[in-house]
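A quick write-up on the structure given underneath.
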Amino acid sequence: MNWLFRIIATLVIVIAVIYPFYEQIEKMEADTSREATVTTGLPAVYVSPATTTTDLPDFASIRDITERKKTFFAYLLPAIHEENQRIEEQRVHLRRIQEKQRLGKTLTNREKEWLNEMANFYRVEETQRKGQIADLLNRADIIPDTLILIQAANESGWGTSRFATDALNFFGQWCWTQGCGLVPAARPDGQVYEVRTFESMEASVRSYIRNLNTHFAYSDLRGIRSELRANNDDISSTYLTQGLLSYSERGEEYIEELNQMIRINRPIILEVQEEIDS
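Be aware that the sequence shown starts at 1, since it is given in the numbering used here, and climbs by one per residue.
Given below as structure tokens:
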């Protein structure tokens, strides 16, 4: 009987010693599984827009000015929402990876690949991970709906310009390869730029946002936005316009015009947004 008691006691001790390690292994495996799920869920960096719109409403035929504005805003807003939502998702994963690195955890190969893809897309040259992630968070960020809509309205004449109707270019973006776009009638002699042609309205919106998020000329805009983020303030369109001095040769006059358009049209934009969300 004593020997049976000793065997049982020994088994109890062995189980007591081994079980915590077994439980820890199970937890590690579960954590690894969850981490793998999150990692494989990294959003694709290069992805086509969910929809492709090539038809343009005949904005010029809409005589009622308010109705024309509402139609213009409603036309562009879905693409703007989609792109900003995509960027917000990228930021969530950047923050998660940033926190993982802060805790001293090793990044997976897929996470490293994804960061490199993001760096290529957002033209970040920093290769040291901590700095790379910080630079990406500075660039991979939203542009307010209102600012996008107002610049599109300003640059395209509310969707009636030749570049909007013939090239789906709502933001006056240039290109420098012969045949890449339309040649402006007033282009100075010796200049080779063209106004870029886009395959869809969504592509035009994405290119514009990427331009503001990557071009050195708009580093001030990104700095203003980062400061607003750091202070937990709303990313205000009228604040960001101060970073657009390089967008037009008109400089401060252009900024004042944009801000005036924002003030006048904000109620209409809010009304259209509510209609879309309802």
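All C-beta atoms, glycine included, are put in the ideal place defined by N, C-alpha and C.
A residue is called buried once 16 or more other Cβ atoms fall within 10 Å of its Cβ, and Val-192, having fewer, is exposed. Here the stretch 74-85 makes contact with the stretch 193-205; the two share three or more CB pairs at distances below 8 Å.
The Cβ atoms of Ala-140 and Gln-173 lie no closer than 7 Å to each other. Counting of Cβ neighbours within 10 angstroms places Glu-271 among the exposed residues, the total staying below 16. Going by DSSP, Arg-86 is part of the alpha helix (DSSP H) stretching over 65-102.
For Val-205, the three-state secondary structure derived from DSSP is helix.
The Cβ atoms of Ile-133 and Ile-87 lie no closer than 7 Å to each other. Per DSSP, the continuous beta strand (DSSP E) segment holding Arg-196 begins and ends at 194-196. By the 16-neighbour rule on beta-carbons within 10 angstroms, Lys-105 is exposed. Per DSSP, reduced to three states, the secondary structure at Gly-157 is coil, with no helix or strand assignment.
Taking all protein chains shown into account, Lys-130 has fewer than 16 neighbouring C-beta atoms within 10 Å of its C-beta and is therefore exposed. Annotated three-state conformation of Trp-114 is helix, per DSSP.
Under DSSP, Leu-182 takes part in a beta bridge, and its partners are Val-195. Following the DSSP letters along the chain, one finds Val-272 inside the alpha helix (DSSP H) bounded by residues 252-277.
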